[in-house]
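Enquirer:
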Amino acid sequence: MNNRKAKQSGARELRRALLPEVGSLLSIGLFSVFVNLLMLTGPLFMLQVYDRVLGSRSEETLVALLILVAGLYVLMGILDFARGRVAARVGAGLQSKLDARVFGGTLLSAASDGQSPLRDLEAVQRFYSSPAFFALLDMPWTPIFIMAIFVFHPLLGWLALGGGALLTIIAIINQFMAFRPVGDANQKGAASNALADVLRAQGEVVRGMGMETAARARWQKLRNTALEAQMKTSDLVGTFGSLTKTLRMFLQSVILALGAYLVLQGELTAGAMIASSIMLGRALAPVEQTIAQWPIILRARYGWCGLADFLGSVTDVEARTKLPRPRAILEVRGLTVVPPGGTRPTLKLDRFELAEGQALGVIGQSASGKSTLARVLTGIWQPASGFIRLDGASIGQYGADLGLHIGYLPQEVSLFEATVAENIARLSENPNAAAVVGAAKKAGAHEMILQLSDGYDTLVAGGNGALSGGQKQRIGLARALYGNPVLLILDEPNASLDAPGSVALNCAIRAFKEDGNAVIIMAHRPSGIAECDFLMIMQDGMRTAFGPRDEVLRSKVQNHVVISDHLNAEATP
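Numbering follows the working numbering, in which position 23 of the sequence shown is assigned residue number 928; successive positions increment by one, without gaps.
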């Protein structure tokens, strides 16, 4: 799907999400009609006071008008409050409908930083509850109020029309001049926030390697650049806002002066003079407020376009017919993988198969394609061509249930801010205690977990600083084994394990195979492939050898001998 079609698809999805709110938006529009009509209460009241009450000196008329005006203002306040509440709920409803979709998309999209789409959605939601939204709703009434001024006197109407046209030109200039700076400020602010998130996540490495000064300087540089861009934007928008406000107030004084002149000439009443000044202020207020709120409007526009791009590029996980628990029969054919955001394939495999009770070891140097294979087998990345079948069905047919049938231990194990039991249970709110303990025992982690301060109820803190690499690795293995998956994919599973941990790992793999399941292990160390039946050697994203483990290791082909000798050397104490 090209970028244009992807954006159109995402825009359609956004419009579909907003479709249920059409009724609310129509009610907001209806409320806005009456609110703006009731805005005429003030000018008309002033007209009646100056032309009738003061002329007739009737206190009864003044009291009656005041009571009527009070009732109209109360009604206007209620309608304005109601449209504000409805608009806030439109934004909240849109966010509620898209939250899960956007969050799920950030998990599926390796190219996303995981925050920008969510922030874009929040920007759109905030727009609906901001004064900017109501300023745009009220702006169509500007020409109507100006036309009403023509009723008092044509000269007043032309003055109001000229002033409105001038403010409109300023608003258009503001739009073109602020568009790029606002976008630049948003991008630079997002970049500084992204770096801050990365540095916080890698806090131990930063402190342990004496990188604090350099990291702080790098972040501060980005932060200062973002602040400079924000100040430039603020100055630009503030300049136009001040100019608009000053011009509006000046125009109200000018129209008052012109009205006074017309009164002196006997062509206008004093009430019409005051009413026209008030009405001009009301007519120009939405334009002034729109300019003042322009950063919010632009941010919402960027957010809408960003969401359209994002949703169009991330396929939604469709509801699929639930398939039965598959057998551990894996089939790969003609597989080509291009990393998200990349242009060149990093993995090309013609074919391989794995049956129940078998284990495949995948070895190769760094960047040989091992981790890429792990990601595509688990559905994290999508293949550019070829297919992967589990028990005869392509892995895409399992939809969201695929993860229930596959246990995955990534190269870098990350635990979440939850208890050890909840981490093993894959963040289930009410984990099955027996299943959690059973998975931990299969992973050989049960005794280790019992030694923690609160055992399975030990709270894992952010960054997992209280746990060693080996402890995280074994808890991660227990998480992979939770739920009795049929296929286990382990990426460098013994990288952080000591000798007892490696023994426990091999025991877990052996037991997993005996239950009729299949295992794929990406490994550098020979102890990682001790339980493997088959061995695949990879280089530059391609398979250079495949077959029974011992036969491949005994191969006399030169490039295979190098790897075999390397493994034997590692095995030598």
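A virtual CB, placed ideally from N, CA and C, is assigned to each residue, including glycine.
Going by C-alpha distance, which of Glu1397, Leu1163, Thr1047 and Gly1143 is nearest Leu1189?
Expert: Thr1047
Enquirer: Should the segment 1432-1443 be called in touch with the segment 1251-1271, which here means at least 3 C-beta pairs below 8 Å?
Expert: yes
Enquirer: If you measure from the beta carbon of Ser1158 to each beta carbon in chain B, is any gap under 7 Å?
Expert: Structure shown: chain B not included; a single protein chain is present.
Enquirer: Identify whether Glu1258 lies in helix, strand or coil by the three-state DSSP scheme.
Expert: In the structure shown, Glu1258 sits in a strand (DSSP, three-state: E or B).
Enquirer: Excluding the 5 residues preceding and the 5 following Pro1288 in the sequence, name in chain order all residues of the same chain whose CB lies nearer than 8 Å to its CB.
Expert: Excluding residues within five positions, the ones whose Cβ falls inside 8 Å are Leu1240, Thr1241, Val1242 and Val1281.
Enquirer: How many Å lie between Ala1264 and Gln1376 at the Cα?
Expert: 24 Å
Enquirer: Within the segment 1167-1198, note down every full alpha helix (DSSP H) run reaching 4 residues or more, in order along the chain.
Expert: 1175-1197
Enquirer: CA-CA distance, Val1007 and Gly947?
Expert: 46 Å
Enquirer: Which one of Val1457, Pro1059 and Leu1212 has the shortest CA to CA distance from Gly1164?
Expert: The shortest C-alpha separation from Gly1164 is found at Pro1059.
Enquirer: Would you say Leu1314 and Pro1398 are within 7 Å of each other, going by their C-beta atoms?
Expert: Going by C-beta atoms, Leu1314 is nearer than 7 Å to Pro1398.
Enquirer: Measure the C-alpha to C-alpha separation of Gly1374 and Leu1203 and round it to an integer number of angstroms.
Expert: About 45 Å.
Enquirer: If Thr1251 and Thr1226 are in contact, beta carbons under 8 Å, what's the gap, nearest whole angstrom?
Expert: The Cβ separation is near 33 Å, so there is no contact.
Enquirer: For Ile1329, does the three-state DSSP call read helix, strand or coil?
Expert: Under the three-state reduction of DSSP, Ile1329 is assigned to helix.
Enquirer: Check this for me: beta carbons of Ile1078 and Thr1149, under 7 Å apart or not?
Expert: no
Enquirer: Would you kindly check if the distance between the Cβ of Thr1138 and the Cβ of Val1087 is under 7 Å?
Expert: Result yes, Cβ atoms of Val1087 and Thr1138 sit closer than 7 Å.
Enquirer: Suppose contacts are defined by Cβ-Cβ distances below 7 Å. Is Ala1213 in contact with Leu1003 by that definition?
Expert: no
Enquirer: Assign Lys1227 to one of three DSSP states: helix, strand, or coil.
Expert: coil
Enquirer: Quick one: what does DSSP say Ala997 is sitting in, helix, strand or coil?
Expert: helix
Enquirer: From Ser1460 to Gln1000, what does the alpha carbon distance come to, in whole angstroms?
Expert: 59 Å
Enquirer: Can you tell me whether Tyr1313 is helix, strand or coil according to DSSP?
Expert: In the structure shown, Tyr1313 sits in a strand (DSSP, three-state: E or B).
Enquirer: What residues in its chain sit with their C-beta under 8 Å from that of Ser963, if we drop five residues either side in the sequence?
Expert: Excluding sequence neighbours, Ser963 sits near Arg957.
Enquirer: Compute the Euclidean distance between the alpha carbons of Phe1155 and Met944, then round it to the nearest angstrom.
Expert: 21 Å
Enquirer: Taking all protein chains shown into account, do 16 or more other C-beta atoms lie within 10 angstroms of the C-beta of Gln1198, making it buried, or fewer, making it exposed?
Expert: buried
Enquirer: Could you tell me if Pro925 is buried or exposed, where buried requires 16 or more neighbouring beta carbons within 10 angstroms of its beta carbon?
Expert: exposed
Enquirer: Can you tell which of Thr966, Phe939 and Ala1385 has the C-alpha that lies nearest to the C-alpha of Phe950?
Expert: Thr966
Enquirer: Within 10 Å of its beta-carbon, does Gln1157 have 16 or more other beta-carbons around it, so buried, or fewer, so exposed?
Expert: buried
Enquirer: Once you ignore the five residues that flank Ala1053 on each side, which residues in its own chain have a CB closer than 7 Å to its CB?
Expert: Excluding residues within five positions, the ones whose Cβ falls inside 7 Å are Met1184.
Enquirer: For Leu1254, which residues in the same chain have their Cβ closer than 7 Å to its Cβ, ignoring the five residues on either side in sequence?
Expert: Val1237, Leu1240 and Arg1448
Enquirer: Does Glu1334 come out as helix, strand or coil in the three-state DSSP assignment?
Expert: coil
Enquirer: Under a three-way DSSP split, which group does Ala1400 fall into?
Expert: Ala1400 carries a coil assignment under DSSP once its states are collapsed to helix, strand and coil.
Enquirer: For the putative contact between Val1325 and Tyr1361, defined by C-beta atoms under 8 Å, what is the C-beta separation to the nearest angstrom?
Expert: 5 Å
Enquirer: Starting from Val1265, trace the beta strand (DSSP E) both ways and give me its first and last residue.
Expert: As written in the sequence, residue 1265 is Leu, which differs from the Val given in the question. Run containing Leu1265: Ala1264 to Ile1268, per the beta strand (DSSP E) assignment.
Enquirer: For Asn941, count the other beta carbons within 10 Å of its own beta carbon; 16 or more makes it buried, fewer makes it exposed. Which is it?
Expert: buried
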